[in-house]
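The opening position of the sequence shown corresponds to residue 80 in this note's numbering, with each subsequent residue numbered one higher. Backbone N, C-alpha and C define an ideal beta-carbon position, used for all residues, glycine too.
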Amino acid sequence: INLSLEKVIDKKEQAEQDLQYLAYHDELTGLPNKNLLVDRINQSIKTASRDKQKIAILFLDLDRFKNINDSLGHTIGDTLLKEVSDRLYKTLRSHDTISRNGGDEFVVVLERLKNTNEAIHVAKKVINCLTDPFDIQSHKIHIGASVGISIFPTDGDTSLILLRNADTAMYRAKQSGGNQLQFYDKSMSNQLRDRLEIEAELHGALERDEFYMVYQPQIDCATGRTIGFESLIRWHNDKHGEIGPDRFIPLLEETGLIYAVGEWVVSEVASFIQKHHVDGITFSINLSALQCNDLGFISYVNKVIDKTGIDASQMEFEITETLLIKDFEKTKVFLDGLHNIGCAIALDDFGTGYTSMNYLARLPIDVIKIDKSLVRNIDVNTNLQSIVRAIVTMSVSLGMKNIFEGIETSEELAVIKNLKGHIIQGYLFSKPLIENDVNDWLASDTSLRLVK
Ligand code: C2E
Ligand code: CA
Ligand code: CA
């Protein structure tokens, strides 16, 4: 009896130890988890305050991990996380704490820090050790890491604040393009607060009718006649004033609001066309990559066209190059769907990514929009002229129209006319116009516009 009782006690102790271990470690990598991390930081804070020393918290988030997980699967994602933790472990000193916070987030605590340079040095080592590609099940996987750093005592005196501030700095590192380190500074939390406030306002913006559309003329280069408009969204908020699309579209995407707002744009543009009887004029609408995963959008467009009775060919959709590379087959289904309704498709920002010819030829693309970065100073840059000449030739041989956007000077225009560009758009002709000004614009439209 005694023996078995001992065994039971043994087992119980083992179980308790197991539970204890699980409570403080990450199952996948065996690294300390967030609970243990917080304990360690609190412990370090005590020691460091007593000895008047600094601590650095490095908050690390892998770049593109989600993509890898989504495209190659969770098994490979998990293996990658294990290999990342191995590399980190080998790179750091034995008295540094490294933990996995969940997902693809890791936190490193550097104690007994002599100066902040030491933190930079370690952060760089960490980033470098992850730049060599990982070889997993015969996939060569390239990732990078964004690292945010907060320092005790300057950036906070509790584990909670130090972690939050390192996280904020990491977010900034990621926004600046990733694969880099960023120190926390106080202005970041102000910016983060602004961002959160704007995000909160964005949630009610559609209901409060705060969005409106503006329309930028697109002109036939040969005749000078306006043949279309690009529809661009605007947001006026009572608290924050006018906020540009470059600021709020990413937020719409992150919050998933882009779907509802994207549909609002379609119905807004359609009723504009219906109301003003602008026959034969195209209105292009920008789509964000997320919308192109949503086949429901196509039926929505169909419904709106039916309801308003407008001509489908008056509606054009602009997509960007990056979309094509992401998931070609899915994108093709989406674009074919829109094209079959009778809408035109334009490839936006052409020349800023890497579109393969093969992709272009296999998709129902009617128009390519040559990015404004290729237009800027084209009159003084002869290399640029050769590139753009090749693009024009290519678009013609693929049976596509080309649009030059962002033309600002008559010198740029002269070169583009010379290269036989089809359609032109830019501040030189007009800024985007509010609804009422579109009619005036069309009324005064003459083929003399270019000859002035
Ligand atoms: P984008 O599609 O490349 O749109 C062209 C941007 O260039 C517009 O900025 C336009 O106002 C600006 N632009 C036009 N002519 C000139 C010029 O001569 N010089 C210069 N420097 N800029 C010129 P905007 O309206 O701020 O839009 C920014 C981006 O926001 C757009 O870039 C587009 O990607 C996105 N966006 C705008 N409206 C919508 C929308 O309704 N839905 C979605 N998903 N995205 C939109
Ligand atoms: Ca566009
Ligand atoms: Ca563009």
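Going by alpha carbons, who is nearest to Y263 out of R272, G323, I277, N244?
Counting from 1 along the sequence shown, the entry for residue 263 is found at position 184. Comparing alpha carbon positions, the residue from R272, G323, I277, N244 closest to Y263 is N244.
Does any heavy atom of ligand 3 sit closer than 7 Å to the C-beta of K125?
Along the sequence shown, one-based indexing puts residue 125 at 46. It does not: the Cβ of K125 is nowhere closer than 7 Å to a heavy atom of ligand 3.
Give the secondary structure of N258 by DSSP, where H, G and I count as helix, E and B as strand, and everything else as coil.
On the sequence shown, position 179 is the one that residue 258 refers to. N258: coil per DSSP, three-state reduction.
Counting along the chain, where does the beta strand (DSSP E) carrying V446 start and finish?
Position 367 of the sequence shown, counting from 1, holds the residue named residue 446. Per DSSP, V446 belongs to the beta strand (DSSP E) from 446 to 449.
Could you check if S480 belongs to the surroundings of ligand 3, using beta carbon to heavy atom distance under 7 Å?
Against the sequence shown, residue 480 aligns to sequence position 401. Looking at the sequence provided, one finds Lys at residue 480 rather than Ser. No - ligand 3 has no heavy atom lying nearer than 7 Å to the Cβ of K480.
Check whether I513 and F483 have beta carbons under 8 Å apart
Counting from one through the sequence shown, the residue named residue 513 turns up at place 434. Counting from one through the sequence shown, the residue named residue 483 turns up at place 404. In this structure, F483 does not lie closer than 8 Å to I513 by Cβ.
Label R251 either buried or exposed according to how many other C-beta atoms from any shown protein chain fall within 10 Å of its C-beta, with 16 as the threshold for buried.
Translated into the one-based positions of the sequence shown, residue 251 becomes position 172. Of the other Cβ atoms in all chains shown, 16 or more fall within 10 Å of the Cβ of R251; this residue is therefore buried.
Nearest to L107 by CA position, among G223, K499, I155, is which residue?
Position 28 of the sequence shown, counting from 1, holds the residue named residue 107. Taking only the C-alpha atoms, the option nearest L107 is I155.
In the DSSP assignment, find the beta strand (DSSP E) that holds H315 and state where it starts and stops.
Position 236 of the sequence shown, counted from the first residue, corresponds to residue 315. Element bounds for H315: 305 to 316.
Cutoff 6 Å; reference L234; Cβ partners in own chain excluding five residues on either side
For the purposes of this step, residue 234 is taken as the residue at position 155 of the sequence shown. Just to set this straight, residue 234 is Asp in the shown sequence, not Leu. Excluding sequence neighbours, D234 sits near N244, Y263.
Across which residues does DSSP place Y294 in a beta bridge pair?
Here residue 294 is taken as the residue at index 215 of the sequence shown, counted from 1. As computed with DSSP, Y294 is found in a beta bridge with S310, L512.
Determine, using beta carbons only, whether G533 and I352 come nearer to each other than 8 Å.
Look at the range of the chain in this structure, 80 to 531, and you will see that residue 533 is not part of it.
Count the other CB atoms, across all protein chains shown, that sit within 10 Å of the CB of S310; report buried if there are 16 or more and exposed otherwise.
Within the sequence shown, the letter at position 231 stands for residue 310. By the neighbour-count rule (16 or more Cβ atoms within 10 Å), S310 is buried.
Going by alpha carbons, who is nearest to D165 out of N258, A127, C208?
Within the sequence shown, the letter at position 86 stands for residue 165. Among N258, A127, C208, the Cα nearest to that of D165 is on C208.
Mapping DSSP to helix, strand and coil, what is S363?
Translated into positions along the sequence shown, residue 363 becomes position 284. Secondary structure of S363 (DSSP, three-state): strand.
So what's D236 in DSSP terms, helix, strand or just coil?
To locate residue 236, count along the sequence shown from 1; it is residue 157. Look at D236 here: in three-state DSSP terms it is coil, with no helix or strand label.
Taking 7 Å as the cut-off, is the C-beta of D445 nearer than that to any heavy atom in ligand 2?
Sequence index remark: in the sequence shown, residue 445 carries index 366 (1-based). Distance from the C-beta of D445 to the nearest heavy atom of ligand 2 is not below 7 Å.
Just mark I389 as buried or exposed, buried being the case when its beta carbon has 16 or more other beta carbons within 10 Å.
Counted from its first residue, the sequence shown places residue 389 at position 310. Its Cβ being crowded by 16 or more others within 10 Å, I389 is buried.
Alpha-carbon spacing of Q96 relative to G109, whole angstroms:
One-based indexing of the sequence shown puts residue 96 at position 17. One-based indexing of the sequence shown puts residue 109 at position 30. Distance from the CA atom of Q96 to the CA atom of G109, rounded to whole angstroms, is 15 Å.
For K253 and D428, the rounded distance between their alpha carbons:
In the sequence shown, the residue the question calls residue 428 occupies position 349. In the sequence shown, the residue the question calls residue 253 occupies position 174. Pairing D428 with K253, the inter-Cα distance amounts to about 23 Å.
Kindly indicate which residue of H356, Y338, K409 has the alpha-carbon position closest to the one of V380.
On the sequence shown, residue 380 is found 301 positions in, with the first residue counted as 1. In this structure, Y338 is the residue among H356, Y338, K409 with its C-alpha nearest to the C-alpha of V380.
Within a Cβ cutoff of 6 Å, which residues of the same chain sit near K113, ignoring the five residues on either side of it in sequence?
By 1-based counting over the sequence shown, the position of residue 113 is 34. Listed in chain order, the non-local C-beta contacts of K113 below 6 Å within the same chain comprise N180, local neighbours out to five positions each way being set aside.
With 16 other Cβ atoms within 10 Å as the buried cut-off, status of V459:
Within the sequence shown, residue 459 is the residue found at index 380, counting from 1. When all chains shown are included, V459 counts as exposed.
Between D373 and N121, what straight-line distance do the alpha-carbon atoms span, to the nearest angstrom?
Within the sequence shown, numbered from 1, the residue matching residue 373 stands at position 294. Within the sequence shown, numbered from 1, the residue matching residue 121 stands at position 42. As the crow flies, the alpha-carbon of D373 is around 47 Å from that of N121.
Buried versus exposed call for T210 [16 or more other C-beta atoms within 10 Å across all chains shown]:
Stepping through the sequence shown from its first residue, residue 210 is reached at position 131. T210 counts as exposed, since fewer than 16 other beta carbons sit within 10 angstroms of its beta carbon.
From G416 to M473, what does the alpha carbon distance come to, in whole angstroms?
Reading the sequence shown from its first residue, position 337 is the one you call residue 416. Reading the sequence shown from its first residue, position 394 is the one you call residue 473. Those two C-alpha atoms are separated by around 25 Å.
Compute the beta-carbon to beta-carbon distance between S123 and E190, rounded to the nearest angstrom, for a pair I have assumed lies under 8 Å.
For the purposes of this step, residue 123 is taken as residue 44 along the sequence shown, with counting starting at 1. For the purposes of this step, residue 190 is taken as residue 111 along the sequence shown, with counting starting at 1. Sure, about 5 Å apart at Cβ, within 8 Å.
DSSP three-state label for N194, please.
On the sequence shown, position 115 is the one that residue 194 refers to. Coil, per DSSP.
Cβ of T247 within 8 Å of any chain D Cβ:
Given the protein chain composition of this structure (a single chain), no chain D is represented.
Only counting the same chain, and skipping five residues up and downstream in sequence, which positions put a Cβ closer than 7 Å to that of L151?
For this step, residue 151 is matched to residue 72 along the sequence shown. Taken in chain order, the residues that qualify are H218.
What do you get for D246, buried or exposed, if any count of 16 or more other CB atoms within 10 angstroms of its CB means buried?
The count along the sequence shown starts at 1 and reaches residue 246 at position 167. Flag for D246 reads buried.
Would you mind reading off the limits of the beta strand (DSSP E) that contains E395?
Within the sequence shown, residue 395 is the residue found at index 316, counting from 1. First-last of the beta strand (DSSP E) with E395: 394 to 399.
What residues in its chain sit with their C-beta under 7 Å from that of V471, if we drop five residues either side in the sequence?
Taking the first residue of the sequence shown as position 1, residue 471 is located at position 392. Here V471 has N481, L498, K499, G500 as same chain residues with Cβ atoms under 7 Å from its own Cβ, once five neighbours each way along the sequence are excluded.
Neighbourhood of ligand 3 [Cβ distance below 5 Å to any heavy atom], ordered by chain position
Listed by chain position, these are D427, D428.
Can the beta-carbon of F144 be found closer than 8 Å to that of G227?
Against the sequence shown, residue 144 aligns to sequence position 65. Against the sequence shown, residue 227 aligns to sequence position 148. No, the Cβ-Cβ distance between F144 and G227 is not below 8 Å.
Whole runs of the beta strand (DSSP E) within the stretch 167 to 230, excluding any shorter than 3 residues:
Listed in chain order, they are 176 to 181, 184 to 192, 213 to 215, 218 to 220.
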